[in-house]
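Asker:
Protein chains: 2
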Amino acid sequence: MTNIDKAIGLKIKEIRKGWGLSQIELAERIGVSFQQVQKYEKGTTRMSVFRLQQIAEALEVPVSVFFIEQKAGTPQVADPQITYMEGESESLPSVNKEGFVLLKLFRRIKNKKTREGLIRLLRGIVEIEEKK
Amino acid sequence: MTNIDKAIGLKIKEIRKGWGLSQIELAERIGVSFQQVQKYEKGTTRMSVFRLQQIAEALEVPVSVFFIEQKAGTPQVADPQITYMEGESESLPSVNKEGFVLLKLFRRIKNKKTREGLIRLLRGIVEIEEKK
DNA sequence: ACTTTTTTCTCCTATTGGTTGTATTTTAAT
DNA sequence: ATTAAAATACAACCAATAGGAGAAAAAAGT
C-alpha cells in the first residue's frame, strides 16, 4: 500500500527465494504466521522496523539492502515516490526549508570571525525588523 | 521497547537537534502529534518503516543512517549531530551551537527578500572561502 | 492422476499506533 | 528574576491494522 512497503516486500521475496526458503520457513524463523509473511511481501501491511530487522537477520542480510538509495543526481522533490505520499506536509512554511539551506552553508564556513560576524549581522537585522 | 527502536529513537533525536528542530516542528512535518514523536524518540512505540522513511526525508538524511552499527566501546566524542551530514564539514561542536543561534535568528526574519538575500550572501562567502 | 507443499485470499479480533488532555520540568530569552 | 517556549511524563481513549485461523487455488513432487 505504502509504496515503500511494497518495494521492501519484493526485496524480501527475492532474497527469500534466493535462499530457497518457503514462506513457512521464514515465518517460523521470525515467529509469525506464514500468512503474515505474505502480507509483508505483498506490502499490504505496514511493517515495523523491528520486524524488518528480524527478517534481515533471518535472511542473513544487512538491513540496509532494503533501502537502496536513489541516485545522487536525482532531484528529491521531483521524485515520484516522495511526490504522491499521502496527506499532509509540503504546506509547511518555506522558512524551515530555507533554514536548512542556511544552516548547511553556515557550517561550511571555516573562519570563526566570519561566523561570529554573521550572527551579529542577523541580530542587527532582527532588531531593526522588530523594532517598529 | 525493542532495543532497535530505542537506538533509532536516539538517532532521530540527535539528528533533529542537529537541525535545530523542535519535536513540534518534526511532528508537523511527518503529520503526527509531538507526543508521538516523543514515543519514537524514546522507542516506546514500534515504528513502521513507512514512518522511518518519512522522518528520514523530514530530516534530509538517508534512511540507512539509522541502521549504522556503532561499536559499543567507542565513545562519541565527535559531535553526533554533524556526523550524519553529507559532505565534508567542520565537526566542531561550537559551530553547532553557533548554528542554532543563527537558525533561530534567521527564523525570526519576516521579510522573505531579506532571508533570500542572506542565503545568497552565505553562498558567496562559502564560495570565496573554498575557492582558494 | 494424485498427494503434498506452497502460495493466495477472505473474514475476524486483539493489539497498538496515534490522539487529546493535563501537569511538571527544563531550557532559553528578555 | 520573569516569562515564555520546549521537553518529559502519564493517563485515557479510539480507530486502524497487525496478525491469526480457515478455505482454496497453484505449484511441485511422486
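In order, the protein sequences belong to chains W and R.
Residue 1 is where the first sequence starts when you use the numbering used here, and the numbers rise one by one after that.
Residue 1 is where the second sequence starts when you use the numbering used here, and the numbers rise one by one after that.
Beta carbons: idealized from backbone N, C-alpha and C, even for Gly.
Contact check, R:I8 vs R:I30 under 8 Å by CB: the rounded distance?
Answerer: Going by Cβ atoms, the distance from R:I8 to R:I30 rounds to 14 Å, so no, they are not a contact pair.
Asker: Return the residue from the list W:F34, W:Y40, W:S22 and W:Q35 that minimises the CA-CA distance to W:K11.
Answerer: W:Y40
Asker: In chain W, which residues lie less than 7 Å from R:G9 when you measure between Cβ atoms?
Answerer: Result: empty, since nearest Cβ-Cβ is about 10 Å, beyond 7 Å.
Asker: Which residue's Cα is closest to the Cα of W:G18: W:E60, W:L103 and W:R123?
Answerer: W:G18 has its Cα closest to that of W:E60, out of W:E60, W:L103 and W:R123.
Asker: R:Q23 to W:T45, Cα distance in whole Å?
Answerer: 27 Å
Asker: Is R:F34 close to chain W? Criterion is C-beta to C-beta, closer than 7 Å.
Answerer: It does not; no Cβ of chain W falls within 7 Å.
Asker: Can you give me the C-alpha to C-alpha distance between R:I4 and W:I125, rounded to a whole angstrom?
Answerer: 45 Å
Asker: Checking the sheet assignment: what are the DSSP bridge partners for W:S48?
Answerer: R:S48
Asker: Where do the N-terminal and C-terminal ends of the alpha helix (DSSP H) with R:L10 fall, by residue?
Answerer: I4 to G18
Asker: Anyone know if the C-beta pair for R:F67 and W:S64 falls short of 7 Å?
Answerer: yes
Asker: Select from W:G99, W:F106, W:E25 and W:L21 the residue whose C-alpha is nearest the C-alpha of R:R107.
Answerer: W:G99
Asker: So, with DSSP's three-state summary, where would you put R:Q76?
Answerer: Only weak support is given to the placement of R:Q76: the predicted model assigns it a pLDDT of 37, under 50, and the value that follows is read from those uncertain coordinates. Of the three classes helix, strand and coil, the one that applies to R:Q76 here is coil, per DSSP.
Asker: Going straight from the alpha carbon of R:Q38 to that of R:K13, what length do you get?
Answerer: 9 Å
Asker: Specify the secondary structure class of W:I55 as computed by DSSP and reduced to three states.
Answerer: helix
Asker: Quick check on W:G20: buried or exposed, where buried means 16 or more other Cβ atoms within 10 Å of its Cβ?
Answerer: exposed
Asker: Tell me which residues share the same chain as W:K6 and place their Cβ nearer than 6 Å to its Cβ, disregarding the 5 neighbours each side in the sequence.
Answerer: G43
Asker: Against R:E60, what residues of chain W qualify as contacts under a CB-to-CB distance less than 7 Å, listed in chain order?
Answerer: F100
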